[in-house]
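Asks: Below is one structure. I have some questions about it.
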Amino acid sequence: AQSVAQPEDQVNVAEGNPLTVKCTYSVSGNPYLFWYVQYPNRGLQFLLKYITGDNLVKGSYGFEAEFNKSQTSFHLKKPSALVSDSALYFCAVRPPYGGATNKLIFGTGTLLAVQP
Amino acid sequence: KAGVTQTPRYLIKTRGQQVTLSCSPISGHRSVSWYQQTPGQGLQFLFEYFSETQRNKGNFPGRFSGRQFSNSRSEMNVSTLELGDSALYLCASSLAGGQGITDTQYFGPGTRLTVL
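So the sequences go chain by chain: A and B. Counting in our numbering, the final residue of the first sequence is number 113, and the numbers go up one at a time with none missing. Counting in our numbering, the final residue of the second sequence is number 173, and the numbers go up one at a time with none missing.
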């Protein structure tokens, strides 16, 4: 079965320190991977995606993610965390099969808490 | 460009009633997907519409249905509401021309449904 795992329910980091939010996937073939962020009482906001090409993907608000095929991972990173980055982060995968579909499979989410 | 809009933002219904939620995609987007978000089950795919046709469906009972209009606006309907249907319902739109496999989905703010 196609799946995405976010092994940490919560990540705590001090403001100014680098942050990493982990994501691993299990998908047949070459996956299409996405990161979204959700602020309280809001919808999901797109951060970045990996389709093909360079394994390091840069996205919005200084976030980046590294695709690692051998480790089946797509970790989200930021060199210097801000208090305003505190939110719920979701990793998602779109399986590269099944014809034309935009269906996303989401991880369980990781709550990022940045302390001032 | 205006983002994805969803109406209403909040709804309170009682068991056994039915409800209709509305979604207006970003101008020019032809694919609309619906997701249910709950604390217990996380984000789950409901269905996807493209050019007024349902092209993918998640694992939900037949009480959940949807449709898409010629202007790409979409509605979803839940009949015979159950307590477990209480959730945040998110709509997402994307361009989805052709295979659409690399399109990014942009989410609306969601409709918070509470079933009493």
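All C-beta atoms in this analysis are idealised placements derived from N, C-alpha and C, irrespective of residue type, glycine included. Model, not experiment: these values are computed from the prediction.
1) Give me the chain B residues within the contact set of A:Lys19, using Cβ-Cβ distance strictly less than 8 Å, ordered along the chain.
2) Which same chain residues end up closer than 8 Å to A:Phe60 when comparing Cβ atoms and leaving out the 5 residues on each side of it in sequence?
3) Using 7 Å as the threshold, is the C-beta distance between B:Val135 and B:Val89 below it?
4) In chain A, what lies closer than 8 Å to B:Gln111 by C-beta?
5) For A:Gly104 versus B:Gly167, is the C-beta spacing smaller than 7 Å?
6) Any beta carbon from chain B within less than 7 Å of A:Phe64's own beta carbon?
7) Comparing C-alpha positions only, which one of B:Gly141, B:Glu139, B:Thr110 and B:Asp142 sits nearest to B:Ser131?
8) Taking all protein chains shown into account, decide if B:Pro82 is buried (16 or more other Cβ within 10 angstroms of its Cβ) or exposed.
9) Say whether chain B places a C-beta atom closer than 7 Å to the C-beta of A:Phe103.
10) Do B:Leu103 and B:Phe121 have their CB atoms nearer than 7 Å?
11) Contact criterion: CB-CB distance below 7 Å. Does A:Lys55 meet it with respect to chain B?
12) Answer yes or no: do B:Leu78 and B:Met133 have a C-beta to C-beta separation smaller than 7 Å?
13) For B:Gln93, count neighbouring Cβ atoms within 10 angstroms of its own Cβ and tell me buried if that reaches 16, exposed if not.
14) Just to make sure I have the definition right: I need the residues of chain B whose C-beta is within less than 9 Å of the C-beta of A:Gly106. Which are they?
15) Spatial neighbours of A:Ser83 within its chain, please: CB distance less than 7 Å, with the 5 preceding and 5 following residues excluded, ordered by chain position.
16) What's the C-alpha gap between B:Leu170 and B:Arg66?
17) Strictly by DSSP, which residues pair up with B:Ala144?
18) Helix, strand or coil for B:Val61? Go by DSSP, reduced to three states.
19) Starting from the Cα of B:Leu138, find the closest Cα among B:Phe164, B:Cys148, B:Lys70 and B:Gly85 and give me that residue.
20) Please decide whether A:Asn52 counts as near chain B, where near means a Cβ-Cβ distance under 7 Å.
21) Give me the chain C residues within the contact set of B:Thr159, using Cβ-Cβ distance strictly less than 7 Å, ordered along the chain.
22) Hey, does B:Gly123 have any beta-carbon neighbour from chain A nearer than 7 Å?
Replies: Put simply:
1) Working through the first sequence from its first residue, we reach residue 19 of chain A at position 22. Neighbours of A:Lys19 on chain B: none; closest Cβ ~16 Å, over 8 Å.
2) As a position in the first sequence, residue 60 of chain A is number 63, starting the count at 1. Within the same chain, A:Phe60 has close Cβ partners Trp32, Leu44, Leu45, Leu73, Lys74 and Lys75.
3) To locate residue 135 of chain B, count along the second sequence from 1; it is residue 78. To locate residue 89 of chain B, count along the second sequence from 1; it is residue 32. Not closer than 7 Å, so no.
4) Taking the second sequence and counting its residues from 1, the one referred to as residue 111 of chain B is at position 54. Chain A residues near B:Gln111: none, gap ~11 Å exceeds 8 Å.
5) Numbered from 1 along the first sequence, position 107 holds the residue referred to as residue 104 of chain A. Numbered from 1 along the second sequence, position 110 holds the residue referred to as residue 167 of chain B. No, these two residues do not count as a Cβ contact at 7 Å.
6) For the purposes of this step, residue 64 of chain A is taken as the residue at position 67 of the first sequence. Taking Cβ atoms only, chain B never reaches closer than 7 Å to A:Phe64, which makes this a no.
7) The residue you call residue 131 of chain B lines up with position 74 of the second sequence. For B:Ser131, the nearest C-alpha among the options comes from B:Thr110.
8) Position 25 of the second sequence, counting from 1, holds the residue named residue 82 of chain B. So B:Pro82 counts as buried.
9) In the first sequence, the residue the question calls residue 103 of chain A occupies position 106. It does; some Cβ of chain B falls within 7 Å.
10) To locate residue 103 of chain B, count along the second sequence from 1; it is residue 46. To locate residue 121 of chain B, count along the second sequence from 1; it is residue 64. Yes, these two residues count as a Cβ contact at 7 Å.
11) In the first sequence, counting from the first residue as 1, residue 55 of chain A sits at position 58. Chain B contact via Cβ: absent.
12) The sequence position of residue 78 of chain B within the second sequence is 21, counting from 1. The sequence position of residue 133 of chain B within the second sequence is 76, counting from 1. The answer is yes: Cβ separation under 7 Å.
13) By 1-based counting over the second sequence, the position of residue 93 of chain B is 36. B:Gln93 is buried by the Cβ-count criterion.
14) Against the first sequence, residue 106 of chain A aligns to sequence position 109. Under the 9 Å cutoff, chain B gives Gly99 and Leu100.
15) Start at 1 with the first residue of the first sequence, and residue 83 of chain A comes out as number 86. Leu109, Ala110 and Val111, listed in sequence order.
16) Looking up residue 170 of chain B in the second sequence gives position 113. Looking up residue 66 of chain B in the second sequence gives position 9. Distance between the alpha carbons of B:Leu170 and B:Arg66: 8 Å.
17) Locating residue 144 of chain B in the second sequence gives position 87, counting from the first residue. The partner list for B:Ala144 (beta bridge, DSSP) reads B:Leu170.
18) To locate residue 61 of chain B, count along the second sequence from 1; it is residue 4. Residue state, collapsed to three classes: coil.
19) Locating residue 138 of chain B in the second sequence gives position 81, where the first residue counts as 1. With distances taken between Cα atoms, B:Leu138 lies closest to B:Lys70.
20) For this step, residue 52 of chain A is matched to residue 55 along the first sequence. Judged by the 7 Å Cβ criterion, A:Asn52 is not in contact with chain B.
21) Considering every chain present, this structure includes no chain C. Its protein chains are A and B.
22) As a working note, residue 123 of chain B is residue 66 in the second sequence. No, B:Gly123 does not count as interfacial toward chain A.
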